[in-house]
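Q: Numbers in this note's numbering are just positions in the sequence shown, counted from 1, shifted up by 8.
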Amino acid sequence: LDSYNLLVPHSSCGDLYTSYVQERGHVALKPNQMGLKIDATSSDQPCDTFVLHPKAGGFKKIYDVNEGIFLANTGHLDRKVTKDDWEQGTRTDLFSHTSLEKEAYSIDPFKEKHGTGILGRLLDVFEQNGYTVGPNSLNAETPMLGGDPKILRAVDVLPTTGIPVFSRQHLLENRNSVGDIKPTIMELNSESKPENGVHANYWSQHLVNNWNRTDTLYAILKNNPTLTTFSYRGIMPYFKVISQMIRAHKDRKVNRDAFFVRIGGLDAHTMIASNLNTHIDDLSTSFEAFQAEMKAQNNYHKVTVLMQRPLHLIRVKEQTMVGVETILC
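Structural data, given as structure tokens:
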């Protein structure tokens with residue numbers, strides 16, 4: 009995400025806006041695009057008025073009622089550096105998407121918790137204090153949910169198309185129904201003998217556990233539909249699945265959940281303006297839909313959404329800003 013066109017100094021900000029235009033060139037927001045003003049008087053920024061991208065109306069609504077905050081110029085540093093000594097003073101490859109993504113997931117600059125992620129460590133603390141936790145990732149696994157390896161907590165990877173069910177469609181046409189063969193499959197994979205290999209036992213145990221868990225979760229979410237309508241465009245399906253999981257937390261016997269969503273396509277090297285229009289509009293409207301659903305569930309003030317963006321080293325006039333920019337809602 010080109011966040012320097014998401015949160016922008018207003019055209020009345022004098023030198024700050026002039027510097028912004030010089031650095032952004034033809035993709036900079038023009039004065040006639042600055043209708044979404046936000047009040048920055050409570051911050052220590054050099055200007056009291058900033059604006060959001062014209063497609064970010066949903067974020068402005070959240071910010072204006074003091075339910076959202078922008079954290080600018082923040083990021084991954086293990087010590088204070090300047091533009092003159094950052095190359096010698098930082099350990100992270102600041103020009104690498106992969107490296108900064110990894111650092112954003114772990115938030116462990118001093119490598120004290122190797123192999124863990126920030127959300128996984130948060131869930132560790134909750135679990136140690138007696139909470140039942142649920143680590144969930146949409147469509148793919150993530151190191152951000154990795155906790156203490158001694159806890160052995162599995163992560164649920166949830167497809168945005170809905171929880172899959174093993175059905176007759178997965179069988180050859182001349183085979184019996186799933187209901188007919190499931191007991192046999194379970195029996196074959198539940199019997200353990202001394203001569204069985206450890207890998208075979210591991211595979212069988214996970215097959216049985218995941219099949220049972222998938223069927224159970226399918227039934228739970230079927231009984232917990234969303235209370236509002238989500239479209240199928242963009243990232244709306246992500247928020248729909250998350251909303252169902254949150255609504256079903258009692259049936260799932262979970263009282264502290266963490267959900268990870270990775271959204272691609274935001275890092276554009278060409279057609280920047282049109283790409284931003286499309287993706288910021290998608291993000292903003294999806295956040296609004298999720299907000300409406302959480303209010304309908306009476307869960308709005310029980311949920312925190314953090315949008316985190318791994319950031320390359322970017323020079324803006326005399327400052328060098330490194331790290332991760334976030335929107336916290």
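Every residue gets a Cβ at the ideal spot worked out from N, C-alpha and C, and that includes glycine.
In chain order, what residues of the same chain have a beta carbon less than 6 angstroms from the beta carbon of S114, not counting five sequence neighbours either side?
A: Your numbering for residue 114 matches position 106 in the sequence shown. Answer for S114: G125, listed in chain order.
Q: Using only the alpha-carbon positions, how far apart do A148 and F295 sit?
A: As a working mapping, residue 148 is identified with position 140 in the sequence shown. As a working mapping, residue 295 is identified with position 287 in the sequence shown. Rounded to the nearest angstrom, the two C-alpha atoms are 21 angstroms apart.
Q: Ordered along the chain, which non-local residues of its own chain (more than five positions away) have a Cβ less than 6 angstroms from that of S212?
A: Residue 212 sits at position 204 when you count from the first residue of the sequence shown. Excluding residues within five positions, the ones whose Cβ falls inside 6 angstroms are N197.
Q: Can the beta-carbon of P62 be found closer than 7 angstroms to that of L24?
A: Counting from 1 along the sequence shown, the entry for residue 62 is found at position 54. Counting from 1 along the sequence shown, the entry for residue 24 is found at position 16. Not in contact: P62 and L24 (Cβ atoms no closer than 7 angstroms).
Q: Please identify the residue among L14, S239, V173 and D92 whose C-alpha is closest to the C-alpha of G65.
A: The residue labelled residue 65 in the question sits at position 57 within the sequence shown. Looking at the Cα atoms, L14 is the closest of the given residues.
Q: DSSP three-state call for E163: helix, strand or coil?
A: Counting from 1 along the sequence shown, the entry for residue 163 is found at position 155. Going by the sequence as given, residue 163 is Val instead of Glu. Here V163 sits in coil by DSSP.
Q: Does at least one heavy atom of the ligand NAP sit under 6 angstroms from the Cβ of N197?
A: As far as ligands go, the structure on display features none, and thus does not contain the ligand NAP.
Q: So K45 is in the beta strand (DSSP E); what residue range does that whole segment cover?
A: As a first step, residue 45 is located in the sequence shown; it is residue number 37 there, counting from the start. Note, K45: beta strand (DSSP E), K45 to D47.
Q: Note down, in chain order, each residue of its chain lying with its Cβ closer than 7 angstroms to the Cβ of V16, except the 5 sequence neighbours on either side.
A: As a working mapping, residue 16 is identified with position 8 in the sequence shown. Within the same chain, V16 has close Cβ partners Y28, L37, F58 and V59.
Q: Nearest-angstrom Cα distance between F247 and F298?
A: Reading the sequence shown from its first residue, position 239 is the one you call residue 247. Reading the sequence shown from its first residue, position 290 is the one you call residue 298. Their Cα atoms are separated by approximately 6 angstroms.
Q: Would you report the Cα separation of E326 and P245, rounded to the nearest angstrom?
A: Position 318 of the sequence shown holds residue 326. Position 237 of the sequence shown holds residue 245. Bear in mind that a pLDDT of 31 at E326, under 50, signals an unreliable position, so the model cannot answer this.
Q: What is the residue span of the alpha helix (DSSP H) that N144 lies within?
A: For this step, residue 144 is matched to residue 136 along the sequence shown. N144 -> not in any alpha helix (DSSP H); beta strand (DSSP E) instead, spanning V141 to L146.
Q: Classify S11: buried if its beta carbon has 16 or more other beta carbons within 10 angstroms, exposed otherwise.
A: In the sequence shown, counting from the first residue as 1, residue 11 sits at position 3. Answer is buried; the Cβ neighbour count reaches 16.
Q: Buried or exposed: which applies to T26, given that a residue is buried once 16 or more other Cβ atoms fall within 10 Å of its Cβ?
A: Along the sequence shown, read from residue 1 onward, the residue named residue 26 stands at position 18. Under this definition T26 is an exposed residue.
Q: Where DSSP assigns a beta bridge to L131, which residues make up the other side?
A: Reading the sequence shown from its first residue, position 123 is the one you call residue 131. In DSSP, L131 forms no bridge with anything.
Q: For T236 versus E195, is the C-beta spacing smaller than 7 angstroms?
A: As a working mapping, residue 236 is identified with position 228 in the sequence shown. As a working mapping, residue 195 is identified with position 187 in the sequence shown. No.
Q: Using 7 angstroms as the limit for Cβ to Cβ distance, is N283 near chain B?
A: Here there is only one protein chain, and chain B is not present.
Q: Under the rule that 16 or more other beta-carbon atoms within 10 Å means buried, what is Q316, buried or exposed?
A: Counting from one through the sequence shown, the residue named residue 316 turns up at place 308. Buried, since its Cβ has 16 or more Cβ neighbours within 10 Å.
Q: In or out: Y139 buried (at least 16 other Cβ within 10 Å) or exposed?
A: Residue 139 sits at position 131 when you count from the first residue of the sequence shown. Looking at its Cβ environment, which holds fewer than 16 other Cβ atoms inside 10 Å, Y139 is exposed.
Q: Enumerate, from N- to C-terminal direction, the unbroken alpha helix (DSSP H) stretches of 4 or more residues contained entirely within the region 10 to 76.
A: Qualifying alpha helix (DSSP H) stretches, in chain order: 23 to 32 and 65 to 72.
Q: What would DSSP say about Q221, mapped onto helix, strand or coil?
A: Against the sequence shown, residue 221 aligns to sequence position 213. According to the sequence shown, residue 221 is Arg rather than Gln. Of the three classes helix, strand and coil, the one that applies to R221 here is helix, per DSSP.
Q: Take the Cβ of S20 as the centre, count every other Cβ of all protein chains shown within 10 Å, and call the residue buried at 16 or more, exposed below.
A: On the sequence shown, residue 20 is found 12 positions in, with the first residue counted as 1. Flag for S20 reads exposed.
Q: How would you write the range of the alpha helix (DSSP H) that A8 sits in, first residue to last?
A: Residue 8 cannot be examined here, being either before or after the span of the chain that is shown, 9 to 337.
Q: Going by DSSP in three states, L85 sits in which element: helix, strand or coil?
A: One-based indexing of the sequence shown puts residue 85 at position 77. Residue state, collapsed to three classes: coil.
Q: Nearest CA to the CA of G97: which residue from G83, K88, N74 and G142?
A: By one-based count along the sequence shown, residue 97 stands at place 89. Taking only the C-alpha atoms, the option nearest G97 is K88.
Q: Ends of the alpha helix (DSSP H) at R255?
A: Taking the sequence shown and counting its residues from 1, the one referred to as residue 255 is at position 247. It spans M244 to R255 - the alpha helix (DSSP H) in which R255 sits, taken as one unbroken run.
Q: Ordered along the chain, which non-local residues of its own chain (more than five positions away) have a Cβ less than 7 angstroms from that of I271?
A: Indexing the sequence shown from 1 puts residue 271 at position 263. So the qualifying residues of the chain are I243.
Q: Since R270 sits in a beta bridge, which residues does DSSP pair it with?
A: Your numbering for residue 270 matches position 262 in the sequence shown. Note: R270 sits in no beta bridge, so no partner.
Q: Determine the closest residue to N220 out of E120, A48 and V173, with distance taken between C-alpha atoms.
A: As a working note, residue 220 is residue 212 in the sequence shown. Closest option to N220, Cα to Cα, is V173.
Q: From D52 to K230, what does the alpha carbon distance come to, in whole angstroms?
A: Along the sequence shown, read from residue 1 onward, the residue named residue 52 stands at position 44. Along the sequence shown, read from residue 1 onward, the residue named residue 230 stands at position 222. Taking the straight line from one Cα to the other gives about 48 angstroms.
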